[in-house]
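Per numbering that gives the first Met the number 0, the first sequence runs over residues 0 to 382.
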Amino acid sequence: MPFSFEVLATSGAARRGRITTAHGTIETPVFMPVGTLASVKGVPQHLLEELGVEIILGNTYHLYLRPGSDLIREMGGLHRFMAWPRAILTDSGGFQVYSLSPFRKVSDEGVNFRSHIDGSTHMFTPEKSMDVQIALGADIIMAFDECTEYPATRGRVESSLQQTLRWAQRSRRHFEQHKHETPWRSPRPLLAGNSPPEPPAAGDFSPALFGIVQGGMHPDLRRDAARQIVEMDFPGYALGGLSVGEPRELRDQIVASSLEHLPADRPRYVMGVGYPEEIVRYAMMGVDMMDCVLPTRAARHGLLFTSEGRVNIKNARFAADQGPLDPECGCRVCGRYSRAYLRHLYVAGEALAGVLNTVHNLAYYLDTMRTVRQSIQAAHPSA
RNA sequence: GCACAGGUGGCCGAGCGGUUAAUGGCAGCAGACUGUAAAUCUGCCGCUCCUUGGAGCUACGGAGGUUCGAAUCCUCCCCUGUGCA
């Protein structure tokens with residue numbers, strides 16, 4: 000305890016599973032909303048709970064800079080701090096090594112970077128990333144990796160991947176020494192009837208550390224990276240370095256081929272995807288976990304995902320459209336507000352537009368995954 | 001009535017003799033967004049025609065004038081603001 004994964008049913012390559020954490024269970028395949036700054040932008044935690052969100056992401060880099068991982072530790076950990084009783088996965092800061100490239104310098108030791116907030120200089124190493132993530136107290140934490148850019152030469156991909164492997168080893172070693180140092184006070188329940196799990200005895204809790212497979216768009220490098228990471232024996236494995244500008248077909252090939260080299264009894268996580276069609280496709284390929292900023296960011300930009308396709312709610316044609324955003328959708332937004340109203344809110348720049356749009360997009364993503372889980376289970380109900 | 005200051009494309013507002021269909025901003029129209037430096041960014045935005053590229057037309061309160069050339073200079077008129085009567 001308190002991390003485990005079980006496969007409940009399979010259908011072809013797809014798996015229907017369940018992850019158990021100290022902060023509740025997660026039905027997989029799962030889509031995980033991104034809450035970089037201890038907030039899924041625009042949606043209060045009690046609404047996330049109501050939507051059925053079982054796990055969200057937080058980010059090491061951002062929370063370390065502000066408000067600071069020491070502060071969050073003092074506050075009793077990230078769950079308590081943000082009043083989120085369910086599971087949290089923190090990204091290691093590895094992606095920021097890539098996305099904040101103008102400000103960073105990578106060495107074998109780690110990454111030297113400048114804060115995008117105030118320009119101050121900082122150093123992230125695998126050890127530092129582990130310390131910060133352990134201080135945050137997430138349920139699942141990620142090894143410190145380097146997200147290889149695309150396109151990249153084979154030589155570059157190779158050396159980047161080697162860096163990630165060395166960092167994985169160091170992440171693991173440091174993690175094993177410090178994994179019980181997580182601060183933990185359980186958050187107060189926010190919804191009636193929602194009792195968060197009892198906190199374990201002090202020093203009893205440990206997050207689960209996932210390894211990350213890099214290797215760019217080269218199947219053989221991905222295979223080698225996967226083998227070496229798997230050899231390190233992590234409780235879960237992620238495919239990183241995808242959705243960085245490569246063509247969709249290429250990404251699909253890489254995901255499919257890489258999954259073959261990951262053990263069936265551990266959750267598989269594809270980082271940073273995707274569009275609704277993509278997360279369905281990957282789930283059917285055997286991916287168990289995915290996260291993406293798309294539903295939340297797109298929502299704030301007026302792009303909504305519906306059963307009838309993408310809707311750009313700011314389009315003039317919705318100005319007097321009294322119908323629901325998505326007639327097939329059971330979310331509170333579709334059940335209550337018209338397209339005309341949603342368009343008005345967006346055009347008027349009302350903050351509520353971002354809130355309602357995000358609630359819908361997340362509901363759509365979660366429904367989509369719910370359907371996927373049902374279809375996998377239905378294929379082999381007895382499995 | 002007198003004195004100043006002004007009247008520019010849907011709005012605000014630059015320009016103050018030619019490279020000006022006219023900088024910007026707003027509004028409008030459309031597009032992008034994939035481990036969140038993103039409630040952000042990009043394109044279009046007088047009218048008509050043609051295929052990209054372009055062609056034509058109409059435009060800077062109104063009417064005249066100066067000039068090879070005027071939103072820009074001159075005259076008169078109309079209107080707005082402020083001050084004084």
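Beta carbons: idealized from backbone N, C-alpha and C, even for Gly.
Being a predicted model, the structure only gives us computed values, none of them experimental.
| query | result |
| --- | --- |
| With a CB to CB cut of under 8 Å and the five nearest residues on each side skipped, what residues in its chain are close to Val6? | Arg14, Arg15, Gly16, Ala263 and Asp264 |
| Need the endpoints of the alpha helix (DSSP H) that His359 sits in, please. | Ala350 to Ala378 |
| Could you check the C-alpha separation between Asp320 and Met289 for me, to the nearest Å? | 34 Å |
| I need the straight-line Cα distance from Gly154 to Glu276, nearest angstrom please. | 33 Å |
| Need the endpoints of the alpha helix (DSSP H) that Ile278 sits in, please. | Pro275 to Met284 |
| Residues in its own chain within less than 8 Å of Lys178 by CB, not counting five upstream and five downstream? | Ile133, Ser205, Pro206 and Leu208 |
| From Arg267, Asp107 and Phe112, pick the residue whose C-alpha is nearest to that of Val212; which is it? | Arg267 |
| Could you tell me if His244 is buried or exposed, where buried requires 16 or more neighbouring beta carbons within 10 angstroms of its beta carbon? | Looking at the sequence provided, one finds Gly at residue 244 rather than His. Looking at its Cβ environment, which holds fewer than 16 other Cβ atoms inside 10 Å, Gly244 is exposed. |
| Hey, out of Asp90, Phe30 and Trp83, whose CA is closest to Ser38's CA? | Trp83 |
| So the candidates are Thr20, Gln376 and Tyr340; which of them puts its Cα closest to the Cα of Gly235? | Thr20 |
| So within the region 10-94, which uninterrupted beta strand (DSSP E) runs reach at least 3 residues, ignoring any that extend past its ends? | 13-20, 23-27, 29-32, 54-58 and 86-90 |
| Give the single residue among Ala318, Met283, His22 and Val33 whose Cα lies nearest to the Cα of Ser3. | His22 |
| Name the DSSP beta bridge partners of Asn111, please? | Lys104 and Met122 |
| Could you pull out every unbroken alpha helix (DSSP H) segment of at least 4 residues lying fully inside the region 254-329, listed in chain order? | 275-284 and 293-299 |
| Quick one: what's got a C-beta closer than 6 Å to Ser337's C-beta in the same chain, skipping five residues either side? | Gln321 |
| Do Tyr460 and Ile312 have their C-beta atoms closer together than 7 Å? | The structure shown does not extend to residue 460, since the chain is modelled only from 0 to 382, so the question has no answer here. |
| Skipping 5 residues on each side, what residues in its chain have a beta carbon closer than 6 Å to that of Cys330? | His359 and Ala362 |
| Specify whether the region 110-129 and the region 69-86 touch according to this definition: at least 3 beta carbon pairs, one from each stretch, less than 8 Å apart. | no |
| Does the separation of the CB atoms of Gly76 and Gly57 fall below 7 Å? | no |
| Could you pull the start and end residues of the alpha helix (DSSP H) that Leu160 belongs to? | Arg153 to His177 |
| Give the secondary structure of Ala347 by DSSP, where H, G and I count as helix, E and B as strand, and everything else as coil. | coil |
| Out of Val131, Phe123, Ser91 and Tyr281, point me to the one whose CA is closest to Ala142's CA. | Ser91 |
| Let me make sure I understand the geometry here. Which of Pro150, Asp107 and Ala137 has the alpha-carbon closest to that of Thr163? | Asp107 |
| Classify Asp69 as buried or exposed, calling it buried when 16 or more other Cβ atoms lie within 10 Å of its own Cβ. | exposed |
| Could you spell out the range, first to last residue, of the beta strand (DSSP E) harbouring Val212? | Ala207 to Val212 |
| Checking 7 Å against the spacing of the C-beta atoms, do Val131 and Thr59 come in under that value? | yes |
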